[in-house]
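Some notes on the structure that comes next.
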Amino acid sequence: MPQGVNTVMGATTALDYDAQLMLRVKDGDGASFGLLLDKHRSPVVHFLYRIVQDFAIAEELGQEVFLRVYRSRATYEPTARFTTWLFRIATHLALNWLRDGRNERGQERLDEDREGAPTLQVSDSKPSVEQNLVYEVKLQEVRRAILGLPEKQRVAVLMHKYEEMEYSQIAMVLRCSESAVKSLLFRAYETLRARLAHMA
Amino acid sequence: MTDCPMKSEEQMDRLLAYCAGRLDADTARTLERHMDACSACAAFRNSQSAVWNALDAWETPSVSADFNRKLYARIDAEDAIPWYRRWLHGVRPVFAQPALPLAVAALVVVAGFQLDHPARVTQAPRDPVATATTRVSVTEAEQVEKTLEDLEMLRQFDVSSEQPSEKKEKPSKSM
Numbered sequence: 112m113p114q115g116v117n118t119v120m121g122a123t124t125a126l127d128y129d130a131q132l133m134l135r136v137k138d139g140d141g142a143s144f145g146l147l148l149d150k151h152r153s154p155v156v157h158f159l160y161r162i163v164q165d166f167a168i169a170e171e172l173g174q175e176v177f178l179r180v181y182r183s184r185a186t187y188e189p190t191a192r193f194t195t196w197l198f199r200i201a202t203h204l205a206l207n208w209l210r211d212g213r214n215e216r217g218q219e220r221l222d223e224d225r226e227g228a229p230t231l232q233v234s235d236s237k238p239s240v241e242q243n244l245v246y247e248v249k250l251q252e253v254r255r256a257i258l259g260l261p262e263k264q265r266v267a268v269l270m271h272k273y274e275e276m277e278y279s280q281i282a283m284v285l286r287c288s289e290s291a292v293k294s295l296l297f298r299a300y301e302t303l304r305a306r307l308a309h310m311a
Numbered sequence: 005m006t007d008c009p010m011k012s013e014e015q016m017d018r019l020l021a022y023c024a025g026r027l028d029a030d031t032a033r034t035l036e037r038h039m040d041a042c043s044a045c046a047a048f049r050n051s052q053s054a055v056w057n058a059l060d061a062w063e064t065p066s067v068s069a070d071f072n073r074k075l076y077a078r079i080d081a082e083d084a085i086p087w088y089r090r091w092l093h094g095v096r097p098v099f100a101q102p103a104l105p106l107a108v109a110a111l112v113v114v115a116g117f118q119l120d121h122p123a124r125v126t127q128a129p130r131d132p133v134a135t136a137t138t139r140v141s142v143t144e145a146e147q148v149e150k151t152l153e154d155l156e157m158l159r160q161f162d163v164s165s166e167q168p169s170e171k172k173e174k175p176s177k178s179m
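Note that the protein sequences, when read in sequence, are chains A and B. Note that my numbering has the first sequence beginning at 112, numbered continuously upward. Note that my numbering has the second sequence beginning at 5, numbered continuously upward.
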């Protein structure tokens with residue numbers, strides 16, 4: 112464990128394992144960066160994919176997220192949980208990408224076939240053509256419903272549903288209060304209930 | 005449970021947590037007993053569960069096998085860049101803002117003009133109040149100066165006109 116860990120742990124209540132790894136990266140331990148990458152690569156890329164809805168872009172942004180983590184290693188301070196910091200970077204990059212208007216082509220793709228996207232590993236038994244079609248229609252509806260949410264609501268739902276983050280952590284990522292997060296989530300789920308309830 | 009979770013937003017998050025399967029067993033059982041009697045909460049649970057299941061259907065592809073290789077290649081490429089170029093790369097986004105280069109260009113033009121025409125720039129009064137005040141004080145000084153000159157001229161005229169009479173009187177006085 113690097114020297115800084117004990118002092119930081121004394122200052123805060125507890126330091127999560129990822130933050131300890133990141134402090135080792137700060138001290139020049141490349142292997143710890145590899146551990147962090149292996150652990151968080153999939154959650155980060157999947158989170159980005161659900162925001163930008165283009166897997167190639169999501170992987171590109173995911174690389175940028177980890178590149179920024181690596182670049183910031185010298186100035187890293189474990190003031191919050193590592194995943195909070197990581198998802199804040201990811202959210203920032205994804206929302207910037209959306210705001211830059213570079214998503215137009217990605218949204219057009221919703222109406223197209225999933226050309227070029229990696230094949231999904233749905234289940235062991237091969238689904239029939241009809242089952243595939245039903246699944247695709249259902250997926251399109253879910254993607255459209257998520258895409259129809261305002262940016263912050265969308266990010267809050269994705270973190271709450273798929274990353275299983277607590278309100279406090281979502282609040283730190285979005286830089287707002289816990290009550291604001293609750294409000295965002297209630298409004299988002301209310302919209303989704305209206306759009307997706309028929310899929311029960 | 006006595007309070008209905010539907011009554012306030014604060015309490016409703018308990019119901020959301022239940023639908024997400026994040027409530028502890030005891031609280032979940034209490035809530036289930038409540039939902040048996042409360043139709044509003046039961047309806048909420050059903051619609052929210054439908055949303056939850058629909059979102060579960062959104063599976064994601066696996067991350068590319070060469071993700072790490074590409075990332076490490078980018079890291080190596082970045083490490084190979086000299087520090088000053090990395091610094092310039094970091095500064096470049098600031099200069100990518102359209103207003104900043106224009107402001108810098110305007111400053112350079114103004115600075116160049118000042119260096120080229122130092123006297124004109126420094127002499128030119130910019131404050132309209134100060135300009136007016138200066139103009140007024142200059143005019144007043146000119147007027148005072150002219151008045152003094154007139155007075156001096158009159159005095160000299162008086163002196164010159166008085167001198168012959170004195171000459172005339174002197175003899176009479178001596179007489």
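For each residue, glycine too, the CB sits at the ideal point set by N, CA and C.
Straight-line gap, residue i to residue j (C-alpha atoms, nearest Å)
i: D149(A); j: W56(B); result: 28 Å
i: E226(A); j: L307(A); result: With a pLDDT of only 42 at E226(A), under the threshold of 50, the placement of this residue in the model should not be trusted, and no figure is reported.
i: R192(A); j: R304(A); result: 31 Å
i: R37(B); j: C45(B); result: 11 Å
i: S53(B); j: L146(A); result: 35 Å
i: D222(A); j: R90(B); result: Any reading at D222(A) must be qualified, since the residue scores a pLDDT of 49, below 50, and its modelled position is unreliable; the value itself is stated next. In a straight line, the C-alpha of D222(A) is about 41 Å away from that of R90(B).
i: D129(A); j: H203(A); result: 20 Å
i: P175(B); j: R159(B); result: Reliability of the predicted coordinates at P175(B) is poor, the pLDDT of 43 falling under 50, and no value is obtained from them.
i: L132(A); j: F177(A); result: 14 Å
i: Y246(A); j: E301(A); result: 23 Å
i: F144(A); j: V136(A); result: 6 Å
i: M16(B); j: L209(A); result: 31 Å
i: S18(B); j: K263(A); result: The question names Ser, but residue 18(B) in the sequence shown is Arg. Between R18(B) and K263(A), the C-alpha separation is close to 22 Å.
i: L152(B); j: E146(B); result: 10 Å
i: F297(A); j: E13(B); result: 8 Å
i: V292(A); j: D120(B); result: 59 Å
i: L197(A); j: E275(A); result: 15 Å
i: A107(B); j: A115(B); result: 12 Å
i: D30(B); j: M39(B); result: 14 Å
i: L244(A); j: A81(B); result: 44 Å
Cβ neighbour criterion (16 or more within 10 Å) applied to residue i
i: Y181(A); result: buried
i: L59(B); result: buried
i: P86(B); result: exposed
i: Y88(B); result: exposed
i: S279(A); result: exposed
i: K237(A); result: exposed
i: V240(A); result: exposed
i: F166(A); result: buried
i: S51(B); result: buried
i: C23(B); result: buried
i: L111(B); result: exposed
i: M270(A); result: buried
Residues near residue i by beta carbon distance below 8 Å, same chain, minus five either side
i: G173(A); result: R152, V155, V156, L159, A201
i: A21(B); result: L27
Residues near residue i in its chain [Cβ-Cβ closer than 6 Å; skip 5 each side]
i: T186(A); result: none
i: C8(B); result: C42
Any chain A beta carbon closer than 8 Å to residue i
i: M16(B); result: yes
i: M5(B); result: In this prediction, M5(B) scores a pLDDT of 46, lower than 50, which makes its location untrustworthy; the coordinate-derived value is nonetheless stated afterwards. Not closer than 8 Å to any Cβ of chain A, the Cβ of M5(B) fails to qualify, so no.
i: T64(B); result: yes
i: V55(B); result: yes
i: L19(B); result: no
i: A58(B); result: yes
i: E13(B); result: yes
Residue-chain proximity (residue i, chain B), Cβ-Cβ < 8 Å
i: H151(A); result: no
i: Y187(A); result: no
i: H157(A); result: yes
i: K137(A); result: no
i: L250(A); result: yes
i: L148(A); result: yes
i: Y128(A); result: no
Where residue i meets chain E, residues with beta-carbon distance less than 9 Å
i: R254(A); result: Among the chains of the structure shown, chain E does not appear; the protein chains present are A and B.
Close-in-space but distant-in-sequence residues of the same chain around residue i (CB under 7 Å, 5 per side omitted)
i: V205(A); result: The sequence shown places Ala at residue 205(A), not Val. Only L159, I162, V163, L172 meet the Cβ criterion.
i: A267(A); result: I281, L285, V292, L295, L296, A299
i: K249(A); result: M310
i: E170(A); result: V156
Counting only Cβ-Cβ distances shorter than 8 Å, please list the residues of the stretch 162-184 of chain A near chain B, keeping chain order.
F166, E170, G173, Q174, F177, L178, Y181, R182
Relative to chain A, which residues along the stretch 68-83 of chain B have a C-beta separation below 8 Å, given in chain order?
S68, F71, N72, K74, L75, R78, I79, E82
Contact set between the stretch 294-311 of chain A and chain B, restricted to residues whose Cβ is under 9 Å from the partner
S294, L296, F297, Y300, L303, R304, A305, R306, L307, A308, H309, M310, A311
For the stretch 27-56 of chain B, which residues have a beta carbon sitting closer than 9 Å to at least one beta carbon of chain A?
F48, N50, S51, Q52, S53, A54, V55, W56
Positions along the stretch 258-274 of chain A whose CB lies within less than 7 Å of some CB in chain B:
Cβ contacts with chain B: K272.
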